[in-house]
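*Asks:*
Protein chains: 2
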Amino acid sequence: MRYKTIEEYIETIYVLELKHGRAQTGMIAARMGVKPPSITEMLGKLEREGLIRYESYTGATLTVAGKKMARELMHTHKVIADLLEILGIDRTLAEADACQIEHHVSRETVARLEEFVKFAREDEEMTDSIRRFRVGMP
Amino acid sequence: MRYKTIEEYIETIYVLELKHGRAQTGMIAARMGVKPPSITEMLGKLEREGLIRYESYTGATLTVAGKKMARELMHTHKVIADLLEILGIDRTLAEADACQIEHHVSRETVARLEEFVKFAREDEEMTDSIRRFRVGMP
DNA sequence: GAAAAATGTTAGGTATACCTAAAAAAGAGG
DNA sequence: CCTCTTTTTTAGGTATACCTAACATTTTTC
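Taken in sequence, the protein lines are chains A and B.
If you use the numbering used here, the first sequence corresponds to residues 749 to 886, in order.
If you use the numbering used here, the second sequence corresponds to residues 749 to 886, in order.
#1: Determine whether the Cβ of V865(B) lies closer than 7 Å to any Cβ atom of chain A.
#2: With 8 Å as the C-beta to C-beta threshold (strictly closer), list the residues of the region 849 to 863 of chain A near chain B in chain order.
#3: What residue range is occupied by the uninterrupted alpha helix (DSSP H) comprising T760(B)?
#4: Closer than 7 Å by beta-carbon distance: list the chain A residues that pair up with G836(B), in chain order.
#5: Hey, could you find the ends of the alpha helix (DSSP H) R882(B) is sitting in?
#6: L888(A) touches chain B at which residues, Cβ-Cβ below 8 Å?
#7: Helix, strand or coil, according to DSSP, for I837(A) in the structure here?
#8: Measure the C-alpha to C-alpha separation of T760(A) and I800(A) and round it to an integer number of angstroms.
#9: Which value, in whole angstroms, describes the spacing of the CA atoms of T875(A) and R882(A)?
#10: Below 7 Å between beta carbons: does that hold for I849(B) and H852(A)?
#11: Tell me A859(B)'s beta-bridge partners as DSSP assigns them.
#12: Beta-carbon separation of D838(B) and V865(B) under 7 Å?
#13: Please say whether M885(A) and G814(A) have beta carbons closer to each other than 7 Å?
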């Protein structure tokens, strides 16, 4: 079994903070499939790295640096998922794949893929070509 | 620092076996930036998992299962790198990104991307659209 | 073919992301 | 405000991918 990355923790905290104002140990644990004591430990590490503020028994909130990381990850995720969907991959699968890929693409590549996604949406000829590609695919 | 995955070991052994008939501890260590004792240990694990044959002081060769994994990885790598290159990403960067992404895409998605790469090469209108996309990009 | 050089393995240790079980703190209901 | 419940943390332990230093084997060279 692979360990969760810091990025996955930050994303989880981001989502929980949006929904509940802060991310508590138990909520993070439930979402990530990791036991609470491990979360406590990890929150200590994330705080030492300046990505979250953390108070015992209260929960965690992202710092500016943490938010920046989270937003970049969300953005990357969206670009990848959109690209895969445009290329005819089922949204559910596209999301699942994006979840993994997002942690392993360079910024530069993301930027270029984003431009392609935009182009594929705006340019009529490209839209057409892609439509033809998708016709007759599973 | 992230640990090397089994897949990375298998790929390295594959390449070395192609070039030298077998993969020796030192060669693997040099390529992967991991010290020889760690390689010895890992080769034991890979053998227990049925991915390589391994003899002390002689080196490792891939089993059928190991070769299958290696070939699939190489194929996935090529599909991803080709796709990125088609979308205007510099080959060197495309290769680097593919090296990471290849370990995190579903088979199903790879299959679909492969079809897209083929289409992008064969279909004139698509080729044209992509050419227009790439014009005026860095 | 023996000594020297190169290569590989063993022994022992570190760091870290996880776990379970037990203790502690916070929150809710009477 | 005191007990009961829920939530969190502490304490202590495991597994694993790495490392260095020391030892063993193989290969090369004279």
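Even glycine gets a Cβ: it sits at the ideal position worked out from N, Cα and C.
*Replies:* Short version:
#1: It does not; no Cβ of chain A falls within 7 Å.
#2: Across the region 849 to 863 of chain A, CB contacts with chain B closer than 8 Å involve I849, H851, H852, V853, S854, E856, T857, R860, L861, E863, in sequence order along the chain.
#3: Note, T760(B): alpha helix (DSSP H), 754 to 768.
#4: Correct list: R860.
#5: If you look at R882(B), you'll find it in the alpha helix (DSSP H) that goes 872 to 882.
#6: The shown model of chain A, from 749 to 886, leaves out residue 888(A), and the question about it has no answer.
#7: In this structure, I837(A) counts as coil in the three-state DSSP scheme.
#8: Cα to Cα, the separation comes out at about 12 Å.
#9: Roughly 11 Å separates the two Cα atoms.
#10: Between I849(B) and H852(A), the gap from beta carbon to beta carbon is short of 7 Å.
#11: Looking at the DSSP assignment, A859(B) forms no beta bridge with any residue, so it has no partner.
#12: The answer is no: Cβ separation not under 7 Å.
#13: Contact: no.
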